[in-house]
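Below is one structure, written out as structure tokens, with a few remarks after it.
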Amino acid sequence: QVQLVESGGGLVQPGGSLRLSCAASGFNFRVYIMRWYRQAPGKERELVATITATGGSTNYADSVKGRFTISRDDVENTVYLQMNSLKPEDTAVYYCNAFWWRNDFWGQGTQVTVSS
Numbered sequence: 360q361v362q363l364v365e366s367g368g369g370l371v372q373p374g375g376s377l378r379l380s381c382a383a384s385g386f387n388f389r390v391y392i393m394r395w396y397r398q399a400p401g402k403e404r405e406l407v408a409t410i411t412a413t414g415g416s417t418n419y420a421d422s423v424k425g426r427f428t429i430s431r432d433d434v435e436n437t438v439y440l441q442m443n444s445l446k447p448e449d450t451a452v453y454y455c456n457a458f459w460w461r462n463d464f465w466g467q468g469t470q471v472t473v474s475s
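Printed below as a string of structure tokens:
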């Protein structure tokens, strides 16, 4: 059974940090491209960060470049999103996504709220 389970969300003040985790199971994690998306209320889902199967290449949305870092652990089958210098506009539900060939898996999401 394929599972992607996100954790690490919560309430943080502007300028603070959070580290999201996404634990994967039920598929060959190491061959999958892993992505983090987010969706704020009333807005479309946005691609935030991508990491290739080897972990050798990453890509970020302009809005998070220099503040967020995506990484993966192919032993623990987990992908991370380190979020620093958080802003109120980062408030959203963050989703983990695994993509390879015809397979496209999603987690249930974790809420991140940036507010004073």
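The letter at position 104 of the sequence shown is residue 463 when you use my numbering, and the numbering goes up by one with no holes. In this text, a Cβ means the ideal position worked out from N, Cα and C, and glycines have one as well. What you are looking at is a predicted structure, and each value in this text was computed from that prediction instead of being measured.
Counting C-beta atoms within 10 angstroms of its own C-beta, valine 471 has 16 or more neighbours from the protein chains shown and is therefore classed as buried. For the pair phenylalanine 464 and methionine 393, the Cα-to-Cα distance works out to about 10 Å. Contact annotation: the segment 438 to 449 does not touch the segment 411 to 420, with fewer than three C-beta pairs closer than 8 Å. CA-to-CA, the gap between glycine 385 and glycine 375 works out to about 34 Å.
Bounds of the beta strand (DSSP E) holding phenylalanine 427 are 427 to 432. Taken in chain order, the whole beta strand (DSSP E) runs of length 3 or more contained in the segment 375 to 403 are 377 to 384, 392 to 398.
A straight line joining the alpha-carbon of tyrosine 396 with that of leucine 379 spans about 12 Å.
By the CB criterion at 7 Å, glutamate 365 and threonine 469 fall inside the cutoff. Going by DSSP, serine 366 is part of the beta strand (DSSP E) stretching over 362 to 366. Note on leucine 440: 16 or more other CB atoms within 10 angstroms of its CB, so buried under the neighbour-count rule. Short of 6 Å from the beta carbon of arginine 426, and not among the five residues preceding or following it, lie these beta carbons of its own chain, in chain order: Asn443, Ser444. With contacts defined by Cβ atoms closer than 7 Å, valine 434 and proline 373 do not form a contacting pair.
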